[in-house]
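Under our numbering, the letters of the sequence shown match residues -11 to 118, in that order. Each residue gets a CB set at the ideal place from its N, CA and C atoms; glycine is no exception.
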Amino acid sequence: MEFDLSRLVPEMYAKGIQERNEFNFVAEENGKIVGVATGAILRGSDKEGGLVLLRGICVHPSLQRRGIGRALLNRVVEYSKEQKCHKITLYTLPVLIPALNLYLKLGFVPEAYLQKEWWGVDFIKMSKWL
Ligand SMILES: CC(C)(COP(=O)(O)OP(=O)(O)OC[C@H]1O[C@@H](n2cnc3c(N)ncnc32)[C@H](O)[C@@H]1OP(=O)(O)O)[C@@H](O)C(=O)NCCC(=O)NCCS
């Protein structure tokens, strides 16, 4: 994601939360951020329901497999229900086995297999209906 680094600044996150229904949950350990889950709620002006797009989830490599990813994703599911959304969706890669397992464990199902979707690689769209 290096091409994105220049725009990943606090002001961008603040603006996203205020103006674009974005959310960013973090996991903290000893005052340091060790994991994040980010996304946005997409909904029309009628405010009925809402589609949650989970844009990213990651845990610091040295702290993986300790339940942090599961806790972050559970928080996203809980938040989506609080916000009366009807569905959470995300795009992942077939090679990201830990992520695929995590999504399946929390009730996400593969909805579409997208061949050579971006950067010439295959993606999987996974969703959970609330
Ligand atoms: C995916 C990711 C966020 C999971 O975070 P984590 O804190 O390690 O996950 P957890 O410890 O909460 O594990 C939850 C479940 O995920 C699956 N999982 C996690 N790591 C795994 C691994 N190395 N191999 C296989 N399954 C794995 C398991 O099903 C696990 O449940 P279990 O421990 O009961 O078997 C983490 O591996 C990560 O940051 N990966 C790199 C970034 C990435 O791929 N993000 C997703 C982009 S779409």
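Using three-state DSSP, classify residue i as helix, strand or coil.
{"i": "V(-3)", "result": "coil"}
{"i": "S50", "result": "helix"}
{"i": "F13", "result": "strand"}
{"i": "G4", "result": "helix"}
Would you mind stating whether residue i and residue j have Cβ atoms separated by less than 9 Å?
{"i": "G38", "j": "T26", "result": "no"}
{"i": "V24", "j": "N12", "result": "yes"}
{"i": "V97", "j": "K75", "result": "no"}
{"i": "R54", "j": "L94", "result": "no"}
{"i": "V109", "j": "L88", "result": "no"}
{"i": "V47", "j": "K116", "result": "no"}
{"i": "L78", "j": "Y91", "result": "yes"}
{"i": "N9", "j": "R(-5)", "result": "no"}
{"i": "L118", "j": "C73", "result": "yes"}
How would you write the range of the alpha helix (DSSP H) that residue i sits in, first residue to last?
{"i": "V65", "result": "56 to 70"}
{"i": "L88", "result": "85 to 93"}
Check whether the Cβ of residue i lies closer than 8 Å to any heavy atom of ligand 2, and answer yes or no.
{"i": "L84", "result": "The model on display carries ligand 1 but not ligand 2."}
Which first and last residues belong to the beta strand (DSSP E) in which residue i is found?
{"i": "P98", "result": "97 to 106"}
{"i": "D34", "result": "First-last for D34: undefined, no H or E at that position."}
{"i": "F111", "result": "109 to 117"}
{"i": "L81", "result": "Careful: L81 lies outside any beta strand (DSSP E) and carries neither H nor E."}
Next on the checklist: Strictly closer than 6 Å from CB to any heavy atom of ligand 1: give me those residues in the order they appear in the chain.
Outcome noted: The chain-ordered list of residues whose CB is nearer than 6 Å to some heavy atom of ligand 1 reads I45, C46, V47, Q52, R53, R54, G55, I56, G57, R58, T80, L84, I85, P86, A87, N89, L90, K93.
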